[in-house]
Amino acid sequence: MGTRPSFTGETLTGEIARGSFPEIRRAMLDFVGAYLLDFETAAQQAGLTLAQARVLGFAAIRPSSMKDIAAQFGCDPSNLTAKVDRLIELGLVERRSDPADGRVKLIAATPDGIAASAALCHSRDWLADVLGSLTGDEARTIQTAFDLLVNRPA
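Here it is, written out as structure tokens:
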């Protein structure tokens, strides 16, 4: 119990395997692994890397500074420059001046970028199959669980 290899190839050992809720930890590793593989597959089919697809997704939600996008990645903004430059070359994002602070450049999805981001979301085969097979009660249970995990005060 708690030591079976997960989807990601990780094994829960030591205190994590013995600690609170090892089954939930393993299930989360499996879910994240499957989710990322599905996302990466969709990104590759769109001619993008996983990181480029993530940047595009953030830019499609709202124009954001490199600093704000980097915070979502947990990295320095300089690590995103090549990804953003490639998305600009593809016509999917553009740099704009921030109306609130002209010194700041925002990364914003172009109309083609918004369409590409939406197409990426709709092409997520595994996720669409999994979510499409849920009953209303199951979907509400999962939503409640994610809300508890993500929105719980620290």
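Reading the sequence shown from the start, the letters are residues 39 to 192 in the working numbering.
All C-beta atoms, glycine included, are put in the ideal place defined by N, C-alpha and C.
Out of curiosity, what's the CA-to-CA distance linking residue i and residue j?
i	j	result
E78	A109	20 Å
A84	G95	13 Å
S44	R63	Any answer about S44 is weak, because its pLDDT of 46 lies below 50 and its placement is not dependable; what the coordinates show is given next. So the alpha carbons of these two residues sit roughly 10 Å apart.
T70	R133	A quick correction: the sequence has Val, not Thr, at residue 70. Approximately 31 Å between the Cα atoms of the pair.
R190	F111	21 Å
A97	R178	28 Å
M39	D106	Any reading at M39 needs caution, since the residue's pLDDT is 36, under 50, leaving its predicted position unreliable; the model's value is listed next. Whole-angstrom Cα-Cα distance: 40 Å.
P60	L172	24 Å
P149	L67	35 Å
A80	R162	6 Å
Starting from residue i, follow the alpha helix (DSSP H) in both directions and report where the run begins and ends.
i	result
R64	60-83
S161	Neither: S161 is in no alpha helix (DSSP H) and is coded neither H nor E.
T182	174-188
Could you pull the DSSP bridge partners for residue i from this structure?
i	result
L144	S103, R134
D139	D136
My understanding is that residue i touches residue j, with C-beta atoms under 8 Å, so please give their C-beta distance in whole angstroms.
i	j	result
V93	L118	6 Å
P101	I152	Their Cβ separation, rounded to whole angstroms, is 11 Å, which puts P101 and I152 out of contact at 8 Å.
V131	A147	5 Å
Quiz item: For the region 99-136, which segments carrying the beta strand (DSSP E) assignment without a break, of at least 3 residues, lie completely within its bounds, in sequence order?
Solution: 131-136
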